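Numbering (my numbering), first residue to last: 4 to 561.
Shown next, in the form of structure tokens:
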């Protein structure tokens, strides 16, 4: 199925007019230390990698992965020898280059008869993924040490996540709204992004922009070429076909290679003075200004996306205008402004300005109130609670708690830090969900007091869970594990003269905010406000684990 989809996409790409011969913004050249050879790995490193990889077996494995791990002491020297031979020779073993592709529906609610609704996920042999993980670790060390990754790329990096990305985007938009500005946010969609990567372009970019050379470059060339895949559906498999383009979805290296392949995109956005943030193939562009300046905001966005499309055509990627979304976020008083357009023309396609968009799993509305997002979360959580309630009589308390943590609390906690500073009635909606979940575990009445139940479960209430998340992000600012785009939003307080007491040495300055509705909900305002109220002993914690334990005790209602 996905092979038909990829083949159709490539045919449509071939039918496009010839792409421009020059990129709107040239690729940056790299002149720092080269990554020319891999470091050999020890048996302990291979063991640690295997134990953290999870037990996932592929049909291509001669033995199930569970058996391999049980025999690890015997097999470990051989695994290490194979991996080191691959790294030193600059060659990826041919036996590792085969994949079984299983088409998976992107969402259960989508039409299974529509091929566009499938994601082609490659199942790869166990040892090939272990080798990729070791290569990925050394590649990331090179990229991080030489500051080669775009600062606003939040995927596949330690300390970075969809939550930190959304905190940065929402902070910028709320700051604009606090200044009485509007913000035009564009969410770009790429068609089969991983499947159309040109290997020659990727290898050239790895060499020229990221300093990858000699045996390391040879290894990546070997990794990308002469790959084969077969499609397996309902127990039936196709014959193996060569994979001439793209990187396998489901591989370890595929995502980071895609990130490096698309590294020039931020430069194009900056060329048009647009802010840009990405998470893998999810790209967000936004530009703010006074509502009187709206025509310029639209024109700049149109020009930027036109150049991005030209760059993508040149690099054999396809921008899907049909799925690209735009939303104009503005203070409520501007929602009915006569100059607000209903759509934006983009390369001949008219894109309607949406009242709400879904970005990295969070629904953003026109005033960034998160009303609709919270409503969606509550609806989904109550649906899961009803499902678990129907089998509650068959479950123990521990089993019920496990299910509710997996299907309800995980949704309450997902990106909950963006709700910091929201009105109480917003938080109370989520708290009702948590209360229902706690009462279901103990089969208690709705009239029973909820605090003892939450304490028994060791569940912080929703408001405190948000404060917990924000506080941990603040501590990471001091151990330098926080994303730079969040650290830049926090201004560490430095006293003008030495103080006898160290009580004020780990504080943040609280910036001024014009409105409570917008300015006081920004991360740059909420984080210092929450952090500065913590006790001195907590603010001076040196261990993240001990900090979390003490913080949870501190935040629990007494």
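Built from N, CA and C at the ideal position, the CB exists for glycine as well. These figures come from a predicted structure and were not determined experimentally.
Per DSSP, the bridge partner or partners of residue 156: As a position in the chain shown, residue 156 is number 153, starting the count at 1. The partner list for residue 156 (beta bridge, DSSP) reads 281.
Can at least three beta-carbon pairs, one atom from the stretch 166 to 174 and one from the stretch 219 to 230, be found at a separation below 8 angstroms? Contact between the stretch 166 to 174 and the stretch 219 to 230 is absent, because fewer than three Cβ pairs lie under 8 angstroms.
Return the residue from the list 101, 118 and 340 that minimises the CA-CA distance to residue 109. What you label residue 109 is simply residue 106 of the chain shown in a count that begins at 1. Ranking 101, 118 and 340 by CA distance to the CA of residue 109 puts 118 first.
Under 8 angstroms between the Cβ atoms of residue 252 and residue 124? For this step, residue 252 is matched to residue 249 along the chain shown. For this step, residue 124 is matched to residue 121 along the chain shown. Taking 8 angstroms as the Cβ cut-off, residue 252 and residue 124 qualify as a contacting pair.
Below 6 angstroms CB to CB, which residues in the same chain sit around residue 83 once its five sequence neighbours on both sides are set aside? Taking the first residue of the chain shown as 1, we reach residue 83 at position 80. Result list for residue 83: 46 and 49, in chain order.
Give me the Cβ distance between residue 330 and residue 250, rounded to the nearest whole Å; I'm assuming they're in contact under 8 angstroms. As a position in the chain shown, residue 330 is number 327, starting the count at 1. As a position in the chain shown, residue 250 is number 247, starting the count at 1. The Cβ separation is near 31 angstroms, so there is no contact.
Could you check what DSSP says for residue 328 in three-state terms: helix, strand or coil? Residue mapping note: residue 328 aligns to position 325 of the chain shown, counting from 1. Strand.
Beta-carbon separation (whole angstroms), residue 35 vs residue 214, contact threshold 8 angstroms: The count along the chain shown starts at 1 and reaches residue 35 at position 32. The count along the chain shown starts at 1 and reaches residue 214 at position 211. About 6 angstroms separates the two Cβ atoms, so the contact holds.
Whole-Å CB distance - residue 365 paired with residue 418, under 8 angstroms assumed: If you number the chain shown from 1, residue 365 lands on position 362. If you number the chain shown from 1, residue 418 lands on position 415. About 5 angstroms separates the two Cβ atoms, so the contact holds.
May I ask you to verify whether the stretch 178 to 193 touches the stretch 294 to 305, counting CB pairs closer than 8 angstroms and requiring at least 3? yes
Where the beta strand (DSSP E) containing residue 123 begins and where it ends: As a position in the chain shown, residue 123 is number 120, starting the count at 1. Where residue 123 is concerned, the enclosing beta strand (DSSP E) stretches over 121 to 126.
In the DSSP assignment, the beta strand (DSSP E) including residue 347 goes from what residue to what residue? Taking the chain shown and counting its residues from 1, the one referred to as residue 347 is at position 344. Start and end: 346 to 349.
In angstroms, rounded to a whole number, what distance separates the CA positions of residue 159 and residue 555? Indexing the chain shown from 1 puts residue 159 at position 156. Indexing the chain shown from 1 puts residue 555 at position 552. Going from the Cα of residue 159 to the Cα of residue 555 covers about 28 angstroms.
When the Cβ atoms of the stretch 304 to 322 are set against those of the stretch 256 to 276, are three or more pairs found closer than 8 angstroms? As far as the Cβ criterion goes, the stretch 304 to 322 touches the stretch 256 to 276, which means the pair count is three or higher.
Cα-Cα, which of 421, 420, 428 and 439 is closest to residue 408? Along the chain shown, one-based indexing puts residue 408 at 405. Checking every option, the nearest Cα to that of residue 408 belongs to 439.
Spatial neighbours of residue 162 within its chain, please: CB distance less than 7 angstroms, with the 5 preceding and 5 following residues excluded, ordered by chain position. The residue given as residue 162 occupies position 159 in the chain shown. Closer than 7 angstroms at Cβ, skipping near neighbours: 479, 484, 485 and 486.
Any idea what DSSP makes of residue 287, helix, strand or coil? Numbered from 1 along the chain shown, position 284 holds the residue referred to as residue 287. In the structure shown, residue 287 sits in a strand (DSSP, three-state: E or B).
Beta-carbon separation of residue 174 and residue 526 under 8 angstroms? Position 171 of the chain shown holds residue 174. Position 523 of the chain shown holds residue 526. Result yes, Cβ atoms of residue 174 and residue 526 sit closer than 8 angstroms.
Just verifying my parser: in three-state terms, what is the DSSP assignment at residue 184? Position 181 of the chain shown, counted from the first residue, corresponds to residue 184. Of the three classes helix, strand and coil, the one that applies to residue 184 here is coil, per DSSP.
Can you tell me whether residue 266 is helix, strand or coil according to DSSP? Here residue 266 is taken as the residue at index 263 of the chain shown, counted from 1. Residue 266: coil per DSSP, three-state reduction.
Shortest alpha-carbon distance to residue 546 belongs to which of 508, 482 and 530? Here residue 546 refers to the residue found at position 543 when the chain shown is read from its first residue. If we check each option's Cα against that of residue 546, 482 comes out closest.
Taking residue 593 as the reference, give the member of 441, 452, 455 and 469 with the closest Cα. Limits of the chain in this structure are 4 at one end and 561 at the other, which puts residue 593 out of reach.
How many angstroms separate the CA atom of residue 202 from the CA atom of residue 145? For the purposes of this step, residue 202 is identified with residue 199 of the chain shown, where counting begins at 1. For the purposes of this step, residue 145 is identified with residue 142 of the chain shown, where counting begins at 1. Using only the alpha carbons, I get a separation of about 21 angstroms.
For residue 53, which three-state DSSP category applies? In the chain shown, counting from the first residue as 1, residue 53 sits at position 50. If DSSP states are grouped into helix, strand and coil, residue 53 belongs with the helices.
In angstroms, rounded to a whole number, what distance separates the CA positions of residue 454 and residue 560? Here residue 454 corresponds to residue number 451 of the chain shown, with the count starting at 1. Here residue 560 corresponds to residue number 557 of the chain shown, with the count starting at 1. So the alpha carbons of these two residues sit roughly 8 angstroms apart.
Buried versus exposed, by CB contacts within 10 Å (16 or more), residue 391: Here residue 391 refers to the residue found at position 388 when the chain shown is read from its first residue. Buried, because 16 or more other Cβ atoms sit within 10 Å of the Cβ of residue 391.
Select from 154, 191, 517 and 112 the residue whose C-alpha is nearest the C-alpha of residue 363. Numbered from its first residue, the chain shown carries residue 363 at position 360. Minimum Cα distance to residue 363 is reached at 191.
Reduced DSSP secondary structure (H/G/I, E/B, other) of residue 360: As a position in the chain shown, residue 360 is number 357, starting the count at 1. Strand, per DSSP.
Spatial distance of residue 446 from residue 416 (CA atoms): Position 443 of the chain shown, counted from the first residue, corresponds to residue 446. Position 413 of the chain shown, counted from the first residue, corresponds to residue 416. Near 23 angstroms, if we compare the C-alpha coordinates of residue 416 and residue 446.
According to DSSP, what are the bridge partners of residue 232? Taking the chain shown and counting its residues from 1, the one referred to as residue 232 is at position 229. Bridge partners of residue 232: 102 and 244.
At the level of alpha carbons, what is the spacing between residue 304 and residue 332? Taking the chain shown and counting its residues from 1, the one referred to as residue 304 is at position 301. Taking the chain shown and counting its residues from 1, the one referred to as residue 332 is at position 329. Between residue 304 and residue 332, the C-alpha separation is close to 15 angstroms.
Counting pairs of Cβ atoms below 8 angstroms between the stretch 507 to 515 and the stretch 531 to 539, do you hit three or more? Under the Cβ criterion (8 angstroms, minimum of three pairs), the stretch 507 to 515 counts as touching the stretch 531 to 539.
Between which two residues does the beta strand (DSSP E) containing residue 572 stretch? What the structure shows of the chain is the stretch from 4 to 561, and residue 572 is not part of that stretch, so it cannot be assessed.
Whose C-beta lies closer than 7 angstroms to the C-beta of residue 425 among residues of the same chain, with five residues either side of it excluded? The residue you call residue 425 lines up with position 422 of the chain shown. 373 and 524.
According to DSSP, simplified to helix, strand and coil, what is residue 389? Here residue 389 refers to the residue found at position 386 when the chain shown is read from its first residue. Looking at residue 389 - three-state DSSP - the assignment turns out to be helix.
Through-space distance from residue 311 to residue 289, alpha-carbon basis: The residue given as residue 289 occupies position 286 in the chain shown. The residue given as residue 311 occupies position 308 in the chain shown. The alpha-carbon atoms of residue 289 and residue 311 are separated by roughly 14 angstroms.
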